[in-house]
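Shown next, in structure tokens, is the structure this report addresses.
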Amino acid sequence: MDYEQALTKAKELVGNAKEIVIVTHGKPTLDSMGGSLALSLGLASLGKKASVICPDAITVSLSSFVGVDKVSKEFGKKNFVISLDYEDGSIEKVSYNIEGKKFNLVVEHRPGYEPFTSDKVQYAYQGVGADLVISVDTLSLAELGSVYEANKDLFSGKSIINIDFHKDNVNYGVINLVDPGASSTSELVAEFLATLGVKLTTDIATNLLNAIYDATSN
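In this text, residue positions in the sequence shown follow the numbering used here: the first is -6, and each later residue adds one.
Quick look at the structure:
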């Protein structure tokens, strides 16, 4: 697949997605963060729900980017799961009721079995709201650190668009928009936004310009 074909396919993936997660590597640079945030703003203008995740904290040097205050360090978990130690046949019925602002889950144990106790209950969050993952300026999934390590099942189960200008990128995406001849990753993001039909706003253009300005040493 050549680069133009990859752009077309990436556009199709974005068109079919409603919720998109943008990820970038630890120790973020102006190029990685500016490109990610410009992409997020552009996708939002198309009616997509887009979020940016970076495993490391945002430094002062990145604080001027529009939208940087909304960058997360981890995926948001959607489902609250209650787990009980279970013996086959021990549950008679499961139901729920609502009392005012309190939700009560009622688990009725079957006679002859040991009743459930609080020390046998565990809580967890599962499920991530993402139809599509777009990585920005990231050589490999390992560069995502804890973001990847804690969500390997998500990365293996979702389509990934990989946008980068580094020649040693390992092309881990379903679609790889990788061009070592570009000046920066943010240049490729700008091209991708144009392919998607995103109209440049002051905020998007400022994020891109500041990122490219730094990546190209003025």
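Even glycine gets a Cβ: it sits at the ideal position worked out from N, Cα and C.
Give me, in chain order, the residues of the same chain whose beta-carbon lies closer than 8 Å to that of residue i; leave out the 5 immediate sequence neighbours on both sides.
{"i": "Tyr116", "result": "Phe73, Val74, Ile75, Ser76"}
{"i": "Glu220", "result": "Residue 220 lies beyond the residue range present for the chain, which begins at -6 and ends at 211; the question has no answer from this structure."}
{"i": "Ala123", "result": "Glu12, Ile13, Val14, Phe68, Leu147, Lys151"}
Would you tell me roughly how many angstroms separate the C-alpha atoms of residue i and residue j, rounded to the nearest one?
{"i": "Ser128", "j": "Phe148", "result": "11 Å"}
{"i": "Lys2", "j": "Ser25", "result": "23 Å"}
{"i": "Lys66", "j": "Asn164", "result": "24 Å"}
{"i": "Pro108", "j": "Val59", "result": "54 Å"}
{"i": "Leu132", "j": "Pro173", "result": "12 Å"}
{"i": "Thr195", "j": "Leu202", "result": "10 Å"}
{"i": "Ala183", "j": "Ile197", "result": "9 Å"}
{"i": "Gly27", "j": "Ser210", "result": "15 Å"}
{"i": "Lys113", "j": "Gly93", "result": "27 Å"}
{"i": "His18", "j": "Leu193", "result": "25 Å"}
{"i": "Pro48", "j": "Gln(-2)", "result": "31 Å"}
Using CA atoms only, rank isn't needed, just tell me which of the options is closest to residue i.
{"i": "Asn162", "options": "Val59, Glu136, Ile51", "result": "Glu136"}
{"i": "Ile13", "options": "Leu34, Gly19, Tyr141, Gln(-2)", "result": "Leu34"}
{"i": "Thr22", "options": "Ser57, Asn9, Lys11, Val167", "result": "Ser57"}
{"i": "Lys11", "options": "Gln(-2), Lys4, Gly28, Gly40", "result": "Gly40"}
{"i": "Ser204", "options": "Ser176, Leu189, Leu186", "result": "Correcting the residue identity first, residue 204 is Ala in this sequence and not Ser. Here the closest residue by C-alpha is Ser176."}
{"i": "Ser54", "options": "Val114, Lys20, Asn169", "result": "Lys20"}
{"i": "His159", "options": "Asn144, Tyr141, Glu180, Leu189", "result": "Glu180"}
{"i": "Leu0", "options": "Thr188, Tyr206, Thr199", "result": "Thr188"}
{"i": "Val7", "options": "Thr199, Val61, Lys145, Ile168", "result": "Ile168"}
{"i": "Glu5", "options": "Gly190, Val140, Ser139", "result": "Gly190"}
With a CB to CB cut of under 6 Å and the five nearest residues on each side skipped, what residues in its chain are close to residue i?
{"i": "Ala37", "result": "Ala43"}
{"i": "Val126", "result": "Val14, Lys151, Ile153"}
{"i": "Gly166", "result": "Ile153, Ile154, Asn155"}
{"i": "Leu186", "result": "Gly35"}
{"i": "Val87", "result": "Val100"}
{"i": "Asp157", "result": "Asp130, Val171, Thr178"}
Could you tell me which residues DSSP puts in a beta bridge with residue i?
{"i": "Tyr116", "result": "Ile75"}
{"i": "Val53", "result": "Answer is none; Val53 lacks a bridge partner."}
{"i": "Thr17", "result": "Val129"}
{"i": "Leu98", "result": "Tyr89"}
{"i": "Lys42", "result": "Glu12"}
{"i": "Ser179", "result": "Note: Ser179 sits in no beta bridge, so no partner."}
{"i": "Val153", "result": "It should be pointed out that residue 153 corresponds to Ile in this sequence rather than to Val. Beta-bridge pairing links Ile153 to Val126."}
{"i": "Asn144", "result": "Asn144 pairs with nothing; no bridge assigned."}
{"i": "Ile168", "result": "Ile154"}
Is it buried or exposed, residue i, if we count other Cβ atoms within 10 angstroms and call 16 or more buried?
{"i": "Asn9", "result": "exposed"}
{"i": "Ala208", "result": "buried"}
{"i": "Ala31", "result": "buried"}
{"i": "Ile46", "result": "buried"}
Is the CB of residue i under 9 Å away from at least one CB in chain C?
{"i": "Leu39", "result": "Of the protein chains in the structure, only one exists, and it is not chain C."}
Less than 7 Å between C-beta atoms, sequence neighbours within five positions excluded: which residues of the same chain meet that for residue i?
{"i": "Tyr89", "result": "Phe96, Asn97, Leu98, Val99"}
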